[in-house]
Amino acid sequence: MYENYNVVKWSWENEIGEAHQPKNCVKCGKCEAACPQKLHIREDLEKAQADLDRKEMIR
Ligand code: SF4
Numbered sequence: 077m078y079e080n081y082n083v084v085k086w087s088w089e090n091e092i093g094e095a096h097q098p099k100n101c102v103k104c105g106k107c108e109a110a111c112p113q114k115l116h117i118r119e120d121l122e123k124a125q126a127d128l129d130r131k132e133m134i135r
């Protein structure tokens with residue numbers, strides 16, 4: 077939202093425990109089945125991880 081890539085990347089890598097990292101998603105779909113907003117969580121997690129895996133800043 078604030079386009080602060082470095083803060084988001086740091087939080088993503090340091091505030092989320094290893095067991096809960098998006099890279100560990102097995103794409104079971106349970107979260108999407110439970111989501112009242114019908115978010116595409118599996119796809120969005122994959123996109124977010126791909127963005128954060130990029131070596132250089134987005135902007
Ligand atoms: S699809 Fe959702 S519930 Fe299943 S592992 Fe991934 S994030 Fe967790």
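The opening residue of the sequence shown carries number 77 in my numbering; numbering runs sequentially from there.
We treat Cβ as the ideally placed atom computed from N, Cα and C, and that holds for glycine.
No experiment lies behind these values; they were computed from the predicted model shown.
Quiz prompt | C-alpha gap between V83 and L121, whole angstroms | solution = Computed Cα separation, rounded: 17 Å.
Self-check item: Spatial distance of A110 from K103 (CA atoms)
Solution: When rounded, the distance between both Cα atoms is 14 Å.
Quiz item: By DSSP, does N80 sit in helix, in strand, or in coil?
Solution: Coil at N80, not helix or strand.
Quiz item: What residue from K85, S87, W88 and G105 has the CA that sits closest to I117's CA?
Solution: For the set K85, S87, W88 and G105, the Cα lying nearest the Cα of I117 is the one of G105.
Quiz item: Would you say the beta carbon of I117 comes nearer than 7 Å to a heavy atom of ligand 1?
Solution: Yes - ligand 1 has a heavy atom lying nearer than 7 Å to the Cβ of I117.
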